[in-house]
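Numbering-wise (the working numbering), the sequence shown opens with residue 333 and increments by one.
Even for Gly, the Cβ is constructed at its ideal location relative to N, Cα and C.
Worksheet: the structure to be examined is printed underneath.
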Amino acid sequence: MRFAKFPNRFVLRLEKGEDILDSIKRFAVSQKIANGFFEGIGSLSKVKLGHYDFKTKEYHWESFEDDLEILTLSGNISTLDKVPLPHAHVTLGRRDFTTIGGHLDEGSVANMVEIVLGKTPGKLVKARDESIGLNLLQLPGKL
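Following this line, the structure appears as structure tokens:
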């Protein structure tokens, strides 16, 4: 991984074989980034995507190995149990111009991935919400 630092922002370039979420987590730990948001472009060769079933409160997972172009990659970094937790969703294009997408669990870089990561001030913490079965951001404000 290579990176450039700007005020409250970083640009990362991940290289072939690196995992997106592992790389973002490793970078967040090394730069002491507790929370932020990111987006990216590039290509993946292997992915594991999930779709959450609200009735069973479980993810349905499926893995894909193909030449996949990242059409959208967006996510956030918060903390869970005092550890940075990247959370991302992705839409991927196939060579036949069909798309797949979902919650990103694993994503192996095919050639390169470029990510813009912005730090946010304050603290974003996640905790388990048993009513829906997910880890949710704990936010103080309510309308």
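Assigned secondary structure, residue i (DSSP; H/G/I helix, E/B strand, else coil)
i	result
A336	strand
L353	helix
S395	strand
A366	coil
Exposure of residue i, with buried meaning 16 or more beta-carbon neighbours within 10 Å
i	result
A366	buried
F386	exposed
L417	buried
I356	buried
I447	buried
L468	exposed
Of the listed residues the options, nearest to residue i (C-alpha basis)
i	options	result
G368	L469, I464 and T452	T452
L403	H421, E347 and F335	H421
K337	Q470, A459 and G450	G450
K380	L456, H392, F370 and D461	H392
G374	L344, K389, F396 and S395	L344
CB of residue i within 7 Å of CB of residue j, strictly
i	j	result
S410	L456	yes
G372	H435	no
### Query
Counting pairs of Cβ atoms below 8 Å between the region 432 to 440 and the region 340 to 356, do you hit three or more?
yes
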